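Undergrad: Protein sequences, first through last, are from chains S and X. Just so we're aligned, residue 46 is where the first sequence starts under this note's numbering, counting upward by one. Just so we're aligned, residue 4 is where the second sequence starts under this note's numbering, counting upward by one.
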Amino acid sequence: MTVASTNSVTPTNARPVASRATGRGRGPKRSWGPGRPSPLVLAFVLVPLLVESVSVFWPAVQGFYISLTNWNGVNPPSFAGFGNYSKMFGDPVFRKALEDTAIWLVLFGGLSAAGGLGCALFLQRERRGIAVYRAALFLPVVFSLTATALMWQTLYQPNGMVNGLLSSIGLGGWQHAWLADSSTALYAQIVPALWREIGYVMVLYLAGLKGIDPALYEAAKVDGASAWQQFRNVTLPQLRSVNAVVLSVIIIDSLRSFDVVWALTQGGPYNSSQLLSTYMYQTAFVNTDFGYGCALAVAIFVLAFGVIVSYLVRAFKESD
Amino acid sequence: MSYSPTFSRRGLLAGAGALGAGLALGGCATATSTGGSAQQGGAVTLQSDLSSPLAEKAMQSLVAAYGKQSKYTVKLNTVAATTYQPLLPTYLTSANPPDVYTWYAGSDADHYSSRGLLLDVSSVWKTMSNYQPALKTLSTDAAGKQIFVPTDYYWWGVFYRKSQFAKWGLSEPKTWSDFLNVCATIKAKGVTPIGLGAGTGTAWVASAWFDYFDIRLNGAEYHRDLLQGKHSFTDSKVVDVFNTWKQVLPYFDPNGTAVSWQEASNQLIQGQCGMLLTGTFFADAVPKGSLDDLDFFKFPVIDASVPDAEEAPTDGLFASSKTHNSAAVLDFMTWMATPEAQNLWTQTSSGTVIPANPQATSPSTALVQKGKAMLAAASDLTQFFNRDSTDALQNTANTALIDFIQNPGKLDSILSTWQSQAQQAWKTA
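1) Could you give the C-beta distance for residue 219 of chain X and residue 305 of chain X, rounded to a whole number, given that I count them as a contact under 8 Å?
2) Go to residue 315 of chain S, then tell me how far its alpha helix (DSSP H) extends in each direction, as first and last residue.
3) Residue 218 of chain S lies in the alpha helix (DSSP H); which residues open and close that run?
4) Name, in chain order, the residues that DSSP records as bridge partners for residue 383 of chain X.
5) Could you tell me the boundaries of the beta strand (DSSP E) in which residue 154 of chain X lies?
6) Verify the CB distance criterion: does residue 331 of chain S have a CB-CB separation below 8 Å to chain X?
7) Using a Cβ-Cβ cut-off of less than 8 Å, give me the residues of the stretch 106 to 120 of chain X that come near chain S, in sequence order.
8) Does the contact criterion of 3 or more C-beta pairs under 8 Å hold for the stretch 344 to 362 of chain X versus the stretch 145 to 161 of chain X?
9) Could you give the distance in angstroms between the alpha-carbon of residue 104 of chain S and the alpha-carbon of residue 89 of chain S?
10) Along the beta strand (DSSP E) that carries residue 164 of chain X, what are the first and last residues, could you check?
11) Are the stretch 192 to 201 of chain X and the stretch 277 to 291 of chain X touching by the rule of at least three beta carbon pairs closer than 8 Å?
12) Is residue 145 of chain S near residue 275 of chain S, with beta carbons less than 8 Å apart?
13) Under a three-way DSSP split, which group does residue 262 of chain S fall into?
14) Does residue 397 of chain X come out as helix, strand or coil in the three-state DSSP assignment?
15) What separation, rounded to the nearest whole angstrom, lies between the Cα atoms of residue 259 of chain S and residue 363 of chain S?
16) Could you pull out every residue in the same chain whose Cβ sits closer than 8 Å to the Cβ of residue 236 of chain S, ignoring the five residues on either side in sequence?
17) When DSSP labels each residue in this structure, what does residue 116 of chain S get in the three-state scheme?
18) May I ask you to list, following chain order, the residues of the stretch 406 to 417 of chain X that have a beta carbon less than 8 Å from some beta carbon of chain S?
19) Select from the stretch 180 to 207 of chain S all residues with a C-beta closer than 9 Å to any C-beta belonging to chain B, and list them in chain order.
20) At the level of alpha carbons, what is the spacing between residue 35 of chain X and residue 124 of chain X?
21) Inspect the beta-carbon positions of residue 302 of chain X and residue 425 of chain X and report whether they are closer than 8 Å.
22) Under DSSP, the beta strand (DSSP E) around residue 197 of chain X begins and ends at which residues?
23) Apart from the five residues on each side of it in sequence, which residues of its chain come closer than 6 Å, Cβ to Cβ, to residue 338 of chain S?
24) Between the stretch 379 to 394 of chain X and the stretch 92 to 112 of chain X, do at least 3 Cβ pairs fall closer than 8 Å?
25) Near residue 273 of chain X, what residues of its chain come up, given a Cβ to Cβ distance below 8 Å and the 5 sequence neighbours on each side ignored?
26) From the DSSP output, read off the bridge partner residues of residue 169 of chain S.
27) Pull up the distance between the alpha-carbon of residue 365 of chain X and that of residue 135 of chain X, whole angstroms please.
28) In whole angstroms, give me the CA-to-CA distance for residue 230 of chain X and residue 130 of chain S.
29) Compare the C-alpha of residue 137 of chain S against each of X:430, X:421, X:431, X:270 and name the closest.
30) Going straight from the alpha carbon of residue 81 of chain X to that of residue 95 of chain X, what length do you get?
31) Pick helix, strand or coil for residue 360 of chain X, following the three-state DSSP scheme.
32) Nearest to residue 368 of chain S by CA position, among S:290, S:224, S:200, S:269, is which residue?
33) Any idea if residue 344 of chain S is buried or exposed, counting beta-carbon neighbours within 10 angstroms, 16 or more meaning buried?
34) Leaving aside the five residues before and after residue 270 of chain X along the sequence, list all residues of the same chain whose C-beta is less than 6 Å from its C-beta, in chain order.
35) To the nearest angstrom, how far is it from the Cα of residue 311 of chain X to the Cα of residue 75 of chain X?
36) What is the DSSP secondary structure of residue 279 of chain S, counted as helix, strand or coil?
Below, the structure is given as structure tokens:
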């Protein structure tokens, strides 16, 4: 498609400017003034828009429509208005999932941002063999978390490595059935999620750090700034644009955190590690309650969108 | 770099627009019928959730054997078991659905049949007069027509190792008090009496205990009605179930809710636990040599006045009512009900299932013969928690039962939460 449009336009572009002006009289088909976009530009806008509407917007509208119905996939859907949304307020599992998602957002988000920035600062200077360390930290991003979750599951077994390690250092009393205990299941699953996310955030921050003009540090040094002052007054302000990216990535990743939890506990035991994403999946695809499942998906979307937009608005205001 | 010189912008946009509009009109996600092309006379598609390597291979050889002796052909389409269940309604309600499906008998099949989605297979049942009446009842929908062809079933029992029981001087308990004595003896020997295996992903095995307590105390009829929403989980009869369960809870593996059933069956084989209530499917993973030392006993009788019912989950086939190929579908299902087909199945698969056709040869092992005799003597057969209800209700049970096993003191609040969650599930079904 792109090839065809490009070629159909090339002769026009190749024409010298003068002949373009004279060409105006040759017919309305080939003429466009400075105010009218070229067909190439139109194609670049319209074709992706069409693809996007068919593959993203239309399903999204459908999803919203389903959320207004009661539908189990077999019976014809019956219109329920906002019944599925009002159901959320009285649903204890939804409340639990919301709480857990908030805990997840704060712990997973905060620790991966802090950890990622820490690792980036630590590994930013070019030293011999530094690439090995960077690669090692980035490596978990490459693996599928569903597959590595199986490894974590083995570590967390009642007679697994975590408990073995605890008893060998004399902390046998701290042993738990980590994933089966309702008080530890959620936190035990944040660890593998962090293990993966920190490497990713580190790479984002490394790129940001590389973009800071070294002259700023030199100037700061000349002014007698300590390492902390350099970090506080040069590095952090310079990373502002990267922060916006990192924050969006972290919020999106925590709200869609699903793979670890579904692979390790499926939200159990008794909903103690239920996240909005796992609850949505369970409702729609295990319980085949598609209406309520779609309503939960809409709620997740509104939350993610709301948090990110409000942050971006604030960030842009600050930069103005 | 070839392109059509007649390719104009207007044409491109018009084409893309038409494509988009076409997709938009046909893509309504909740549409149950979108029209489609008939594929009369083509191969019958068999949608199968038997995705374990052993079972898939057995299915392939069955389909090949059918193709050799029939003018029709069957195309096997294996889907991972976890994906199959949520997709099943989509398959059945689509305009051009696959023809035949592997699935469970009972409540679930009836659920689809009441929406007119299943093919009437009464004509196949005319060739199946030798089948147990219980299996025919199980394959009959609420309207009285047969919609299911059972191929095999298996049983649940309390499995133990013969050598261990001999070492401890124990014999198979028949009554509840015998069973409690056995538990106490094993515990005194320093071994966990009862393994569970209701950990990550396999929490559902805990409902076997619930099922058995309920059918032993309240009977199979009450149990089925309870799962259909005709009784409440806060009923005093359900409270009795949990109070009886509390008597054996101290003998359960304290890590029972942390390990999977696969690990629990390993614990049994390695002698780390004395007994395990499980279905025969666990034997697939057991090394061949260890199988000889395994035996089982019937879940102990608690109230002698309640007729014995047993869990006998039945697998088989049903077909879509929208098939364009019903002659071939019925022919294939008739063949699957024959002793030859079922012999082939039991030979090539794990060998712990009982063929549904009484004329087929069951695996000759003592274990299978004993299981078959137990089921034949039962006054009633139940399927399993999710098969007698829905997967949505199974989820509510997983939550409630694991909570109970970890916090038996919270029983009242657990049961009222269970009831309110179950009401949601019944309303959606």
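Idealized CB from N, CA, C, for every residue including glycine. None of the values given here were measured: they were computed from a predicted structure.
TA: Result, derived from the coordinates:
1) 4 Å
2) No alpha helix (DSSP H) holds residue 315 of chain S; DSSP gives it neither H nor E.
3) Per DSSP, residue 218 of chain S belongs to no alpha helix (DSSP H) and is neither H nor E.
4) X:312
5) 152 to 156
6) yes
7) 114, 115, 118, 120
8) yes
9) 22 Å
10) 159 to 164
11) yes
12) no
13) helix
14) helix
15) 24 Å
16) 197
17) coil
18) 406, 409
19) Looking at the structure shown, chain B is missing, and the protein chains on hand are S and X.
20) Caution applies to residue 35 of chain X, whose pLDDT of 47 falls short of 50 and renders its modelled position unreliable; the model cannot decide the point.
21) no
22) 195 to 198
23) 325, 328, 329
24) yes
25) none
26) In DSSP, residue 169 of chain S forms no bridge with anything.
27) 15 Å
28) 27 Å
29) X:421
30) 16 Å
31) coil
32) Given a span of 46 to 365 for chain S in the structure shown, any question on residue 368 of chain S remains unanswerable.
33) buried
34) 198, 276
35) 44 Å
36) helix
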